[in-house]
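Written out below as structure tokens is the structure these notes cover.
Protein chains: 2
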Amino acid sequence: MTQVSANTDLIAQVSWDADGLVPAIAQEFQSGRVLMMAWMNRESLQLTIDEGQAVYWSRSRGKLWRKGESSGHVQRLRELRLDCDGDTLLLLVEQLGGIACHTGRASCFYRVLQDDGWQPVLPIIKDPEQIYE
Amino acid sequence: MTQVSANTDLIAQVSWDADGLVPAIAQEFQSGRVLMMAWMNRESLQLTIDEGQAVYWSRSRGKLWRKGESSGHVQRLRELRLDCDGDTLLLLVEQLGGIACHTGRASCFYRVLQDDGWQPVLPIIKDPEQIYE
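The listed protein sequences derive, respectively, from chains A and B. By my numbering, the letter at position 123 of the first sequence is numbered 123, and the numbering carries on one by one without gaps. By my numbering, the letter at position 130 of the second sequence is numbered 130, and the numbering carries on one by one without gaps.
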């Protein structure tokens, strides 16, 4: 990731929604696997750029969420992309520990639609109780 | 994509937001490229499954949006995934024409953060005026 100091301009060029948020998709840089989708506000985007690792805004907890702060499963930022409408971010990251999901799986998108409904297809790499002990 | 008839259960298992929507990420099945992010409501998800191609809900136009209806750049559904919280969908698709973006680029995520701000890095494959003529 090129070192870029966050500045007002590049933050202002994002089309923040009425709540001051945009969706941020995390994709594993090496494999191309889509890991998760979370939300960012202006501050979390600035911190993500400044710190070189994913910092989201937790809507449920109403606070900044440094991904990996309790699990160690930090996402190192390799590239940051913005879409045509400016209202969605795509983070290309190195996923430390190879686990993005709080269920202990590589990706949060572990359920696939099959004949009998949504079925989990990714293995649990690490027991969540061990991740968050 | 396995043929699945949409039913109340699998639609109900999605955690729709207060507006009855969820983000839907489209990823190119073959390359792993993240193409775009749009929104779905219950009806568009059901139609996506029934028709085997991406049908979104256009928030700006307030109506169903069969991706490719005017451009021909249809997204054939190969696999549909749901995340751990049930509030984000991931579509693995074949992108007809190799163009997902209304700007004529392969992906909507064509701007990359560089030292001098958000810079376009993907070529325009086809002039939008020719796409939507």
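Idealized CB from N, CA, C, for every residue including glycine.
Buried versus exposed call for A/D83 [16 or more other C-beta atoms within 10 Å across all chains shown]: buried
The region 113–129 of chain A contacting the region 78–93 of chain A, beta-carbon criterion three pairs below 8 Å: no
Minimum length 3: unbroken beta strand (DSSP E) runs contained in the region 5–92 of chain B: 22–28, 34–40, 55–58, 63–66, 75–82
Pairwise C-alpha distance: A/S15 and B/R105: So the alpha carbons of these two residues sit roughly 20 Å apart.
Alpha-carbon to alpha-carbon, B/N41 and B/R59: 10 Å
Contact check, A/L91 vs A/A26, beta carbons under 8 Å: yes
C-beta neighbour in chain B for A/M40, strict 8 Å: Cβ-Cβ to chain B under 8 Å: no for A/M40.
CB contact check: A/G32 to chain B, cutoff 8 Å: yes
Contact set between the region 82–102 of chain A and chain D, restricted to residues whose Cβ is under 7 Å from the partner: Here the protein chains are A and B, and chain D is not one of them.
Inter-residue Cα distance where the pair is A/L21 and A/Y56: 10 Å
Same chain, Cβ closer than 6 Å to B/M36, five either side skipped, listed in chain order: A26, A100, C108
B/G96 - DSSP class collapsed to helix/strand/coil: For clarity, residue 96 of chain B is Leu in the given sequence; the question names Gly instead. Residue state, collapsed to three classes: helix.
Residue-chain proximity (B/V55, chain A), Cβ-Cβ < 8 Å: no
Amino acids of chain B, ordered along the chain, whose beta-carbon sits closer than 9 Å to that of A/Y132: Going along chain B, no residue has its Cβ under 9 Å from A/Y132, so there is no contact; the nearest lies around 14 Å.
Element boundaries [alpha helix (DSSP H), containing A/P128]: Where A/P128 is concerned, the enclosing alpha helix (DSSP H) stretches over 128–131.
Chain B within 8 Å of A/I125, Cβ atoms only: no
When B/R81, B/L45, B/L96, B/G98 are compared against A/W118, the one with the closest alpha-carbon: B/R81
Neighbour flag for B/Y110 against chain A, beta carbons, 8 Å: The Cβ of B/Y110 sits closer than 8 Å to at least one Cβ of chain A.
Residue of B/E69, B/D17, B/T48 minimising C-alpha distance to B/G97: B/E69
Residue of A/E129, A/G52, A/P23, A/D17 minimising C-alpha distance to A/V74: A/G52
Nearest residue (CA-CA) to A/D50, options A/S71, A/R66, A/G72: A/R66
Continuous beta strand (DSSP E) stretch holding B/V112: start and end: For B/V112, the enclosing beta strand (DSSP E) stretches over residues 111–114.
CA-to-CA distance, A/A38 to A/Q30, given in whole angstroms: 20 Å
Contact set for A/A6: own chain, Cβ-Cβ below 6 Å, skip 5 residues either direction: A caution first: A/A6 carries a pLDDT of 49, below 50, which makes its placement in the model unreliable, though a value can still be read off. Excluding sequence neighbours, A/A6 sits near Q46, I49, D50.
Beta-carbon spacing of B/A54, B/L77 below 8 Å: Cβ atoms of B/A54 and B/L77: closer than 8 Å.
Nearest-angstrom Cα separation, counted from A/Q95 out to B/P23: A straight-line Cα-Cα distance of about 22 Å links B/P23 and A/Q95.
CB contact check: B/I11 to chain A, cutoff 8 Å: no
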